[in-house]
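Engineer: Going by my numbering, the first residue of the sequence shown is number 28, and it counts up by one from there.
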Amino acid sequence: MEWAAPAVVLSARPYGEGGVIATVLTEAQGRHPGLVRGGGSRGQVALWQTGNLIEARWVARLADQLGALSGEMVHAAAALAMEDALSLATLAGACAVAEGALPEREAHPAIFHGLVSVIAGLARGTDTALPLLVRWEALLLADLGYGLDLESCAATGAREGLEWVSPRSGRAVSAKAGAPYADRLLRLPAFLREPDAASTPQDWLAGLRLTGFFLARDAFGLQHRPLPPARQALEARLADQLSLTHPPTHQGSPDAR
28 MEWAAPAVVL SARPYGEGGV IATVLTEAQG RHPGLVRGGG SRGQVALWQT GNLIEARWVA
88 RLADQLGALS GEMVHAAAAL AMEDALSLAT LAGACAVAEG ALPEREAHPA IFHGLVSVIA
148 GLARGTDTAL PLLVRWEALL LADLGYGLDL ESCAATGARE GLEWVSPRSG RAVSAKAGAP
208 YADRLLRLPA FLREPDAAST PQDWLAGLRL TGFFLARDAF GLQHRPLPPA RQALEARLAD
268 QLSLTHPPTH QGSPDAR
């Protein structure tokens, strides 16, 4: 049994003396593990970093065996992301979601291509990559059967002025219909419905919280597992950056008269 294909490295864990168990994502083979002999060596360790795009080759005697995995570098995304903490967190969070949510050895071509787009977007900065990531997570939810309905208001059927999502149903809610329940709804950033819409870091955080809620409840909750720590760390890092950039303002003071 053998295949060769472009792949994204999702993870690599030490195994034995100098080896690693690597998991990659390909278009046709889906999430696929394999044993990389010498993968932890000085000559190979850079290749098997999370988020790298490689040309992977897998060989085994039987289809259900772990098999041997090898690869050649195509795009060293991990090394490039090291220059920016938010970029690195974006890369790690996306790969952790793919590894944890996708079933093993099952093709999800749209998810593969979407993840490649997120990685390519990081070369242009997180202002490009983060909206792509949120849309990719929404696509992943739909591909797994947990899609959000963002086309019309769940209460009125309106297609305009959609600003919220119901955490119970995953359906959009208009600003007017959702106003009385705003504290119980999830904010819907415009870029998630309109790909060309401008977005801000506050929008990206709202998008991450929206998709993160449904990933945690459905994709991971049904496996009795939490949202991956790397994905939680991404959301926390963006929130921290926003709090440093836009600190809360305080109205008045105890001595105000």
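Using N, Cα and C, we set each Cβ at its ideal position, and we do this for glycine too.
Residues in its own chain within less than 6 Å of E54 by CB, not counting five upstream and five downstream?
Structural biologist: Cβ neighbours of E54 beyond the five flanking positions: P136 and F139.
Engineer: Leaving out five residues before and five after L265 in sequence, what residues of the same chain have Cβ atoms less than 6 Å from its Cβ?
Structural biologist: So the qualifying residues of the chain are L232.
Engineer: For L37, which of W30, D111, M28 and G57 has the nearest alpha-carbon?
Structural biologist: The shortest C-alpha separation from L37 is found at G57.
Engineer: Span of the beta strand (DSSP E) holding E99?
Structural biologist: Here the beta strand (DSSP E) through E99 covers A95 to H102.
Engineer: With DSSP as the reference, label A173 as helix, strand or coil.
Structural biologist: The sequence given here places Tyr at residue 173; Ala does not occur at that position. In this structure, Y173 counts as coil in the three-state DSSP scheme.
Engineer: For L215, is the classification buried or exposed, using 16 other Cβ atoms within 10 angstroms of its Cβ as the cut-off for buried?
Structural biologist: Label assigned to L215: buried.
Engineer: CA-CA distance, A125 and W75?
Structural biologist: Their backbone Cα atoms lie some 16 Å apart in a straight line.
Engineer: Beta carbon of C122, beta carbon of V51: below 8 Å?
Structural biologist: No; because the gap between Cβ atoms is not below 8 Å, this pair is not in contact.
Engineer: Between H277 and the rest of its own chain, which residues show a CB-CB distance below 6 Å, the 5 nearest in sequence each way excluded?
Structural biologist: Here the model assigns H277 a pLDDT of 42, short of 50, so the residue's position is not dependable, and the following value carries that caveat. Taken in chain order, the list of residues that qualify is empty.
Engineer: Thinking just about the alpha-carbon of each residue, which of M28, A90, S114 and I81 is nearest to the one in G98?
Structural biologist: G98 has its Cα closest to that of I81, out of M28, A90, S114 and I81.
Engineer: At which residues does the beta strand (DSSP E) containing E126 begin and terminate?
Structural biologist: Looking at the DSSP string, E126 is not in any beta strand (DSSP E); the run it does join, the alpha helix (DSSP H), is A112 to A128.
Engineer: Comparing alpha-carbon positions, which option in E29, A119, L115 and G46 lies nearest L16?
Structural biologist: Shown here, the chain extends from 28 to 284; a query on residue 16 therefore has no answer.
Engineer: What's the gap between the Cα of P255 and the Cα of R198?
Structural biologist: When rounded, the distance between both Cα atoms is 24 Å.
Engineer: Using the beta-carbon count (16 or more within 10 Å), is P194 buried or exposed?
Structural biologist: P194 is exposed by the Cβ-count criterion.
Engineer: Which runs of the beta strand (DSSP E) fall wholly inside the stretch 190-248 and span at least 3 residues, in chain order?
Structural biologist: Those beta strand (DSSP E) runs which fall completely within the stretch 190-248 and span 3+ residues are 199-201.
Engineer: When the Cα atoms are used, what is the spatial distance from L129 to L171?
Structural biologist: Answer to the nearest angstrom: the Cα atoms are 8 Å apart.
Engineer: The beta strand (DSSP E) that contains T183, what's its start and end?
Structural biologist: First-last for T183: undefined, no H or E at that position.
Engineer: Where in the stretch 127-169 do unbroken runs of the alpha helix (DSSP H), each at least 4 residues long, occur, reported from the N-terminal end onward?
Structural biologist: Taking only runs of at least 4 residues, the alpha helix (DSSP H) segments lying wholly in the stretch 127-169 are 136-149.
Engineer: Have a look at L113, L167, A169 and L168 and flag the residue whose alpha-carbon is nearest the alpha-carbon of T153.
Structural biologist: With distances taken between Cα atoms, T153 lies closest to L113.
Engineer: For V286, which option in G45, G188 and A263 has the closest C-alpha, if you only look at C-alpha atoms?
Structural biologist: This structure cannot speak to residue 286, because the chain is shown only from 28 to 284.
Engineer: Between P281 and K203, what straight-line distance do the alpha-carbon atoms span, to the nearest angstrom?
Structural biologist: Because P281 carries a pLDDT of 37, less than 50, the predicted location of this residue cannot be relied on, and no value is offered for it.
Engineer: Is it true that the stretch 245-262 meets the stretch 93-112, where meeting means three or more beta-carbon pairs spaced less than 8 Å apart?
Structural biologist: No, they do not touch.
Engineer: With DSSP run on the structure shown, which of helix, strand or coil describes S38?
Structural biologist: If DSSP states are grouped into helix, strand and coil, S38 belongs with the strands.
Engineer: Can the beta-carbon of A209 be found closer than 8 Å to that of A217?
Structural biologist: No, Cβ-Cβ distance for A209 and A217 is not below 8 Å.
Engineer: For S179, I'd like the list of residues in its chain whose CB is within less than 7 Å of its CB, leaving aside the five on either flank, ordered along the chain.
Structural biologist: Correct list, in chain order: A185, R186 and A199.
Engineer: With a threshold of 6 Å on Cβ separation, who are the neighbours of G43 within its own chain once the five nearest residues in sequence on each side are excluded?
Structural biologist: Excluding positions up to five away in sequence, the list is empty.
Engineer: Checking 8 Å against the spacing of the C-beta atoms, do L166 and G127 come in under that value?
Structural biologist: Going by C-beta atoms, L166 is not nearer than 8 Å to G127.
Engineer: With a threshold of 16 other CB atoms inside 10 Å of the CB of A150, please say whether the residue is buried or exposed.
Structural biologist: Counting Cβ neighbours within 10 Å, A150 comes out exposed, since fewer than 16 surround it.
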